[in-house]
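Asker:
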Amino acid sequence: MAHKNVGLRTILVQLKPQTVCKALRSDKEMEKARERCHRLLLLGESNGLDFKLASFGGASRVSEAEDARGVDVYDLAVTLCLVAGGSGVSLADNALNEVDPSNVPPSLQPILQLMLKPLAADRVTASEVVEYLVATRNGERVHSKGC
Numbered sequence: 001m002a003h004k005n006v007g008l009r010t011i012l013v014q015l016k017p018q019t020v021c022k023a024l025r026s027d028k029e030m031e032k033a034r035e036r037c038h039r040l041l042l043l044g045e046s047n048g049l050d051f052k053l054a055s056f057g058g059a060s061r062v063s064e065a066e067d068a069r070g071v072d073v074y075d076l077a078v079t080l081c082l083v084a085g086g087s088g089v090s091l092a093d094n095a096l097n098e099v100d101p102s103n104v105p106p107s108l109q110p111i112l113q114l115m116l117k118p119l120a121a122d123r124v125t126a127s128e129v130v131e132y133l134v135a136t137r138n139g140e141r142v143h144s145k146g147c
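Per UniProt numbering, the sequence shown runs over residues 1 to 147.
#1: Which residue marks the beginning of the alpha helix (DSSP H) containing ALA135, and which one marks its end?
#2: Apply the 10 Å Cβ neighbour rule to LEU113 and answer buried if 16 or more other Cβ atoms are within range, or exposed otherwise.
#3: Which residues bound the alpha helix (DSSP H) around ALA120?
#4: Please state whether DSSP places LEU76 in a helix, a strand or coil.
#5: Determine the direct distance from the alpha carbon of ARG39 to that of ALA33, and round the result to whole angstroms.
#6: Could you compute how far the alpha carbon of LYS22 sits from the alpha carbon of ASP122?
#7: Taking PRO110 as part of the alpha helix (DSSP H), name the residues at either end of that continuous run.
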């Protein structure tokens with residue numbers, strides 16, 4: 001399945017379900033939950049958070065190759081650039097689709113470069129992105145498509 005609409009407006013970040021249930025009890029608890037969510041994001045602590053794609057009902061079935069290397073991988077990379085540095089990748093300003101190293105943490109630069117390849121066939125797959133993120137989080141070195 002391919003979402004085909006990955007972006008800042010479609011990525012939902014929320015606390016784990018047990019915390020959300022508690023937050024629904026009152027406005028005060030909800031505000032505390034929002035603050036905690038923001039704090040965790042700022043600290044880079046993703047263990048207490050769930051990341052989801054909104055509007056997944058609009059997803060469509062695609063071949064494995066399209067799903068793995070299509071627009072979702074590219075759009076996620078652009079979204080990560082926006083979140084990490086406040087500026088995205090403009091095709092008009094950046095014909096080579098290179099990521100400005102000052103915009104993203106060094107640990108994400110190798111995978112973002114591969115996610116932003118102009119041709120889908122040259123991009124990493126969604127599985128390779130996940131493998132890279134898990135491996136780098138665990139302090140391992142990844143050897144995939146030039147990473």
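Beta carbons are placed, not taken as given, at the ideal position from N, Cα and C, and that holds for glycine. This structure is a prediction, so every number in the text was calculated from the model and none was measured.
Answerer: Well, looking at it:
#1: For this step, residue 135 is matched to residue 135 along the sequence shown. Unbroken alpha helix (DSSP H) run through ALA135: 126–137.
#2: Position 113 of the sequence shown, counted from the first residue, corresponds to residue 113. Reading off the sequence shown, one finds Gln at residue 113, where the question assumed Leu. Buried is the call here.
#3: Reading the sequence shown from its first residue, position 120 is the one you call residue 120. ALA120 -> no alpha helix (DSSP H), and no H or E assigned at all.
#4: On the sequence shown, residue 76 is found 76 positions in, with the first residue counted as 1. Here LEU76 sits in helix by DSSP.
#5: Residue 33 sits at position 33 when you count from the first residue of the sequence shown. Residue 39 sits at position 39 when you count from the first residue of the sequence shown. When rounded, the distance between both Cα atoms is 10 Å.
#6: As a first step, residue 22 is located in the sequence shown; it is residue number 22 there, counting from the start. As a first step, residue 122 is located in the sequence shown; it is residue number 122 there, counting from the start. Going from the Cα of LYS22 to the Cα of ASP122 covers about 45 Å.
#7: In the sequence shown, residue 110 corresponds to position 110, counting from 1. 109–115 is the span of the alpha helix (DSSP H), which, as asked, contains PRO110.
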